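Comments concern the structure below.
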Amino acid sequence: MVSHTSISRKIFVVCNYTFLMALSLLCVLPLVHIFAVSLSSGAAASAGVVKLWPVDFTTAAYENIFNKPQYFTAFWVSVKRVLLGTSINLLLTITAAYPLSKDSSYFRARTVYVWIFVITILFSGGLIPWFMTVKATGLMDTIWALILPSAVPVFNVILLLNFFRSLPKELEESARMDGAGHMMILWKFYVPLSLPALATITLFSMVGHWNSWFDGLILMNNPDNYPMQTFLQTIIISKDPRFLSAQEAELLLNMSDRTSNAAQIYVAALPILLVYPFLQRFFVKGIVMGSVKE
Amino acid sequence: MQKFLRSERLPLHLMLLPSLAILAVYSYWPMAGIMIAFEKYIPTKGLFGSPWVGLRNFKYLFYLPDTQRVIINTLSIASMKIVAGLIVPIVIALLLNEVRKSMFKRAFQTLVYLPHFLSWVILGGILIDLLSPSNGLVNQALGVFGIQPIFFLGDNNWFQFILVSSDVWKEFGFNTIVYLAALTGINPTLYEAASIDGANRLRQAWHVTMPGIMPIAILMVTLSIGNVLNAGFDQIFNLYSTPVYESGDIIDTLVYRLGILQAQYGLATAVGLLKSTVSLILIACSYFLAYRFANYRIF
Numbered sequence: 019m020v021s022h023t024s025i026s027r028k029i030f031v032v033c034n035y036t037f038l039m040a041l042s043l044l045c046v047l048p049l050v051h052i053f054a055v056s057l058s059s060g061a062a063a064s065a066g067v068v069k070l071w072p073v074d075f076t077t078a079a080y081e082n083i084f085n086k087p088q089y090f091t092a093f094w095v096s097v098k099r100v101l102l103g104t105s106i107n108l109l110l111t112i113t114a115a116y117p118l119s120k121d122s123s124y125f126r127a128r129t130v131y132v133w134i135f136v137i138t139i140l141f142s143g144g145l146i147p148w149f150m151t152v153k154a155t156g157l158m159d160t161i162w163a164l165i166l167p168s169a170v171p172v173f174n175v176i177l178l179l180n181f182f183r184s185l186p187k188e189l190e191e192s193a194r195m196d197g198a199g200h201m202m203i204l205w206k207f208y209v210p211l212s213l214p215a216l217a218t219i220t221l222f223s224m225v226g227h228w229n230s231w232f233d234g235l236i237l238m239n240n241p242d243n244y245p246m247q248t249f250l251q252t253i254i255i256s257k258d259p260r261f262l263s264a265q266e267a268e269l270l271l272n273m274s275d276r277t278s279n280a281a282q283i284y285v286a287a288l289p290i291l292l293v294y295p296f297l298q299r300f301f302v303k304g305i306v307m308g309s310v311k312e
Numbered sequence: 121m122q123k124f125l126r127s128e129r130l131p132l133h134l135m136l137l138p139s140l141a142i143l144a145v146y147s148y149w150p151m152a153g154i155m156i157a158f159e160k161y162i163p164t165k166g167l168f169g170s171p172w173v174g175l176r177n178f179k180y181l182f183y184l185p186d187t188q189r190v191i192i193n194t195l196s197i198a199s200m201k202i203v204a205g206l207i208v209p210i211v212i213a214l215l216l217n218e219v220r221k222s223m224f225k226r227a228f229q230t231l232v233y234l235p236h237f238l239s240w241v242i243l244g245g246i247l248i249d250l251l252s253p254s255n256g257l258v259n260q261a262l263g264v265f266g267i268q269p270i271f272f273l274g275d276n277n278w279f280q281f282i283l284v285s286s287d288v289w290k291e292f293g294f295n296t297i298v299y300l301a302a303l304t305g306i307n308p309t310l311y312e313a314a315s316i317d318g319a320n321r322l323r324q325a326w327h328v329t330m331p332g333i334m335p336i337a338i339l340m341v342t343l344s345i346g347n348v349l350n351a352g353f354d355q356i357f358n359l360y361s362t363p364v365y366e367s368g369d370i371i372d373t374l375v376y377r378l379g380i381l382q383a384q385y386g387l388a389t390a391v392g393l394l395k396s397t398v399s400l401i402l403i404a405c406s407y408f409l410a411y412r413f414a415n416y417r418i419f
């Protein structure tokens with residue numbers, strides 16, 4: 019490409035870099051600011067003197083979290099949910115995507131099955147009938163309420179089935195000649211060949227489970243069963259007074275809501291920040307994978 | 121039957137069985153639960169025992185003062201988000217495409233899609249702090265210019281603006297990647313040809329780059345048509361409060377309050393049914409259009 023280095027071009031380049039730099043800071047500085055607030059003293063935070071660096075450095079807000087048993091309970095519920103939920107999601111995605119990736123000339127029922135899956139994207143009964151169903155199946159206040167209703171991630175199934183279809187057919191044909199069954203072909207060929215796709219799906223599913231809060235809010239009557247994000251929602255956003263004992267209320271007065279909220283936000287966001295480097299490596303691939311089809 | 125049991129396709133059916141069972145219970149059974157919309161639903165009597173009231177729930181909706189408001193809010197918030205969510209990522213992708221240093225490109229991308237992976241509970245908490253009228257950073261910055269503190273999340277004049285801009289803030293990084301991928305697919309000889317014909321950078325962007333990303337842009341727009349009734353429940357639920365119901369209450373938040381908080385099951389299901397039906401029509405149309413114009417197939 020011919021490069022023009024005229025004055026106007028130079029001005030544009032400088033402005034462009036400056037603008038993009040400002041934009042990227044706009045995405046991160048709010049997070050830095052809240053982090054600074056979480057490490058500042060309550061007085062400094064309420065006076066609004068904290069900018070991007072902690073003022074009167076203290077870890078009191080974090081210590082307060084570690085003294086709160088509810089916080090650990092919620093964290094544990096979330097961890098359980100991520101581990102169980104992601105494994106079940108993954109298992110069902112693989113076992114559903116494989117048969118659906120077969121050609122309809124070979125597996126004639128495929129067309130019907132695909133429609134059964136796709137209709138669930140197109141239409142839903144809505145919140146209330148769904149809620150009634152979960153209630154009727156007796157899952158309320160159990161960890162399964164957060165896992166089973168969303169156990170089949172249809173979008174991921176479609177993503178993976180498209181990926182399976184892009185694998186070379188010859189491999190499967192030669193394996194079948196040697197007498198390999200479907201189970202063998204799936205686990206010995208398809209799965210090892212799809213590891214990058216599976217990693218993407220796994221990470222997305224983990225993030226999805228960690229970030230979910232609404233199902234916890236309506237499906238758990240006992241706040242002890244709340245996952246992390248639901249718990250956070252009720253104390254920071256809705257400011258549910260049920261979670262404040264008199265002693266804590268006093269503590270909060272001394273320390274200001276602001277620092278304690280900031281610290282709680284951080285602990286809940288930490289797992290995401292930790293897996294973020296992996297996420298962003300896979301997710302560009304994931305997008306491309308979903309959009310490119312033969 | 122014997123033949124079916126010995127068929128080599130049997131394992132395929134069996135593999136699908138668990139998923140089908142889950143879908144039957146948690147996706148298809150709720151579809152049958154739509155009956156609640158035509159009943160005066162009494163939980164103890166159940167789906168089939170509750171008295172049938174025909175269209176009474178739907179008629180009642182027309183007299184509910186909230187109905188008109190939530191429909192207007194939903195449509196205006198969702199369409200503003202769709203438009204802003206289309207323009208901003210394209211512009212940024214074009215600007216980023218002009219950057220030659222790949223280190224800078226990569227660093228930029230790493231920073232901007234971080235918010236995409238955080239939940240609206242976390243971002244809601246952050247926004248509430250940042251926009252606070254008493255000690256929030258935004259109002260402090262405005263104070264430097266002598267502007268009086270604005271209660272962004274409690275002011276009907278500002279609330280929709282905050283919803284749209286914070287949604288763009290969360291998602292533009294993610295969508296920029298989609299367009300950037302399309303940009304890298306443009307044949308570089310097209311640029312050479314254009315520059316030999318005397319086109320400057322701006323004209324190249326207009327005549328080569330824009331047509332290059334048009335197909336993916338059209339695809340994104342058509343697919344977003346199905347979202348016109350989804351104004352973003354997760355976001356609004358975590359940011360709104362009673363004073364801003366006037367500008368921020370949407371269909372989904374109304375369904376939540378009617379159905380879950382007030383236990384008016386019939387009414388809430390009726391609202392949900394209307395929404396699902398209109399969404400179905402829109403999604404079907406958008407998939408059809410995407411198939412016709414961008415040759416897009418979901419499976």
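In order, the protein sequences belong to chains A and B. 312 is the number that my numbering gives the last residue of the first sequence; the numbers go up by one with no jumps. 419 is the number that my numbering gives the last residue of the second sequence; the numbers go up by one with no jumps. All C-beta atoms, glycine included, are put in the ideal place defined by N, C-alpha and C. Given the structure is predicted, the values throughout are model-derived calculations rather than measurements.
Have a look at L86 of chain A and L235 of chain A and give me their C-alpha separation to the nearest angstrom. First, the amino acid is wrong: residue 86 of chain A is Lys here, not Leu. Between the alpha carbons of K86 of chain A and L235 of chain A lies a gap of roughly 20 Å.
Can you tell me which of the three DSSP states E190 of chain A falls into? The answer is helix: DSSP assigns E190 of chain A an H, G or I state.
Can you list, in chain order, the residues of its chain with a C-beta nearer than 7 Å to that of H236 of chain B? Leave out the 5 residues immediately preceding and following it. Sequence-distant partners of H236 of chain B (beyond 5 residues in either direction) whose C-beta falls short of 7 Å from its own C-beta, in its chain, are K290, E291, G293 and F294.
Closest Cβ-Cβ distance between T164 of chain B and chain C: below 9 Å? Judged by its chain identifiers, the structure shown contains no chain C, and its protein chains are A and B.
In the DSSP output, what is E366 of chain B paired with across the bridge? Paired residues: none, contrary to the question.
Among B:S367, B:R321 and B:T373, whose alpha-carbon lies nearest the alpha-carbon of T23 of chain A? That would be B:R321, whose Cα lies nearest to the Cα of T23 of chain A.
Is there at least one Cβ from chain B nearer than 9 Å to F37 of chain A's Cβ? By this cut-off, F37 of chain A is an interface position.
Between B:P163, B:A302 and B:S147, which has its C-alpha nearest A383 of chain B's C-alpha? Of the candidates B:P163, B:A302 and B:S147, the one whose C-alpha sits nearest the C-alpha of A383 of chain B is B:P163.
Under 7 Å (Cβ pairs) to chain B, residues found in the stretch 85-107 of chain A: So the list is empty, because no residue satisfies the distance condition.
Residues in the same chain with beta-carbon distance under 6 Å from N240 of chain A, minus the five sequence neighbours each way, listed in chain order, please. Around N240 of chain A: D159.
Alpha-carbon to alpha-carbon, M224 of chain A and I165 of chain A: Cα to Cα, I165 of chain A sits roughly 12 Å from M224 of chain A.
Looking at chain A, is there any beta carbon in it that lies within less than 9 Å of the beta carbon of N177 of chain B? So, not an interface residue.
Where P147 of chain A meets chain B, residues with beta-carbon distance less than 7 Å: Simply P150, G153, I154, I156 and T389.
Quick check on the burial criterion: 16 or more other C-beta atoms within 10 angstroms. Buried or exposed for S139 of chain B? In summary, S139 of chain B is buried, with 16 or more beta-carbon neighbours lying within 10 Å of its beta-carbon over all protein chains present.
Under 6 Å Cβ to Cβ from A79 of chain A, same chain only, skipping five residues before and after it: list those, please. Closer than 6 Å at Cβ, skipping near neighbours: S56, T277, S278 and A281.
Which residues in the same chain have their Cβ closer than 8 Å to the Cβ of V190 of chain B, if we skip the five residues on either side of it in sequence? Taking V190 of chain B as the centre and dropping the five residues before and after it, the same chain places the C-beta of D369, I370, I371, T373 and L374 closer than 8 Å to its C-beta, in chain order.
Closer than 7 Å by C-beta to A390 of chain B: which residues in its own chain qualify, once you throw out the five before and the five after it? Chain order, please. Counting only Cβ-Cβ distances below 7 Å, and skipping sequence neighbours, we find A157, N177, F178 and L181.
Excluding sequence positions up to five away, which residues of its chain have a Cβ less than 7 Å from the Cβ of L257 of chain B? Excluding positions up to five away in sequence, the list reads L250.
Would you list, in sequence order, the uninterrupted beta strand (DSSP E) runs of no fewer than 3 residues that lie entirely inside the stretch 235-275 of chain B? For the stretch 235-275 of chain B, not a single whole beta strand (DSSP E) run of length 3 or above is found.
Could you work out which residues of chain B lie near F53 of chain A, taking near to mean beta carbons separated by less than 7 Å? Within chain B, no residue comes near F53 of chain A; the closest Cβ sits about 10 Å away, beyond 7 Å.
Listing by chain order, which chain B residues have their CB less than 8 Å from the CB of K120 of chain A? Neighbours of K120 of chain A on chain B, chain order: L132.
Which value, in whole angstroms, describes the spacing of the CA atoms of G169 of chain B and S399 of chain B? The straight-line gap from Cα to Cα measures roughly 30 Å.
So does the stretch 143-158 of chain B actually touch the stretch 149-159 of chain A, counting three or more Cβ pairs closer than 8 Å? The stretch 143-158 of chain B, when compared against the stretch 149-159 of chain A, does touch it at the 8 Å Cβ threshold.
Using only the alpha-carbon positions, how far apart do L134 of chain B and L167 of chain B sit? Distance between the alpha carbons of L134 of chain B and L167 of chain B is about 31 Å.
Tell me whether K120 of chain A is buried or exposed, calling it buried when 16 or more other Cβ atoms sit within 10 Å of its Cβ. When all chains shown are included, K120 of chain A counts as buried.
W172 of chain B, DSSP secondary structure in three states: Annotated three-state conformation of W172 of chain B is strand, per DSSP.
With DSSP as the reference, please indicate the residues paired to E159 of chain B in a beta bridge. Partner(s): B:W172.
Establish whether the CB of N279 of chain A and some CB of chain B are separated by less than 9 Å. Yes, because at least one Cβ of chain B sits closer than 9 Å to the Cβ of N279 of chain A.
Between L234 of chain B and C45 of chain A, which are expected to be in contact by the criterion C-beta below 8 Å, what is the C-beta distance as a whole number of angstroms? About 6 Å separates the beta carbons of L234 of chain B and C45 of chain A, which is inside the 8 Å limit, making them a contact pair.
With distance defined between alpha-carbon atoms, name the residue in A:V285, A:F222 and A:L101 nearest to R299 of chain A. For the residues A:V285, A:F222 and A:L101, the minimum Cα distance to R299 of chain A belongs to A:F222.
What is the rounded straight-line gap between the Cα of N107 of chain A and the Cα of A92 of chain A? Within the model, the alpha-carbon separation for N107 of chain A versus A92 of chain A is close to 21 Å.
M340 of chain B - DSSP class collapsed to helix/strand/coil: Three-state result, M340 of chain B: helix.
Under the three-state reduction of DSSP, which class applies to A198 of chain A: helix, strand or coil? Coil.
Environment of L109 of chain A [buried if 16+ CB atoms lie within 10 Å]: Exposed, because fewer than 16 other Cβ atoms sit within 10 Å of the Cβ of L109 of chain A.
Per DSSP, what kind of secondary structure is Q384 of chain B in: helix, strand or coil? Coil, per DSSP.
By the criterion of Cβ-Cβ separation under 8 Å, what are the contact partners of S59 of chain A in chain B? Residues of chain B whose Cβ lies closer than 8 Å to the Cβ of S59 of chain A do not exist; the shortest such Cβ separation is about 14 Å.
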